[in-house]
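Residue numbers (this note's numbering): 770 to 928. Glycine residues also receive a C-beta, built at the ideal position from the N, C-alpha and C atoms. Report on one structure; see the data block that follows.
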């Protein structure tokens, strides 16, 4: 029994290539962690402000557990998070989370502002615009595609 030699112009099959949504790249992981950190920082600030507002006021526990107030608090958190991240991105071309994970936005401030506006429909449609980055070869969300601005890795500063 003789083994047949493969012609030189054929490459050997190395098996299936993992899909980008199964094994996230380091870049995607950094973006996800940066967004999570931004959300935590904004939530902490908002909770601190709301706690301060209710601390000395004569508010009953029944009022605080009112579903309408809880819904308002959740919407306030979402809006505040979007507003804070948009402000940071436009002014500094980064957010606290992006800065920690060494990401920054490259492009004109008007395009960054457009990116911030497009984040609302991107996240608002059940997160489909965010999930799109899992299938895009360059890990771009809908807001990145609409504004042609994408977070890029920033170099590590040497001291």
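### Query
Are the beta-carbon atoms of residue 919 and residue 874 separated by less than 9 Å?
yes
### Message
To the nearest angstrom, how far is the alpha carbon of residue 882 from that of residue 800?
### Response
18 Å
### Query
residue 836 lies in the beta strand (DSSP E); which residues open and close that run?
Run containing residue 836: none in the beta strand (DSSP E); it sits in the alpha helix (DSSP H), 836-861.
### Query
How many Å lie between residue 917 and residue 828 at the Cα?
48 Å
### Query
Comparing alpha-carbon positions, which option in 855, 819 and 861 lies nearest residue 838?
819
### Residue ranges of each alpha helix (DSSP H) within the region 872-900, 4 or longer
878-893 and 897-900
### Task
Below 7 Å CB to CB, which residues in the same chain sit around residue 892 once its five sequence neighbours on both sides are set aside?
898 and 899
### Message
Please classify residue 872 as buried or exposed, where buried requires at least 16 neighbouring CB atoms within 10 angstroms.
### Response
buried
### Query
Whose C-beta lies closer than 6 Å to the C-beta of residue 850 among residues of the same chain, with five residues either side of it excluded?
808 and 811
### Same chain, Cβ closer than 6 Å to residue 854, five either side skipped, listed in chain order
807 and 864
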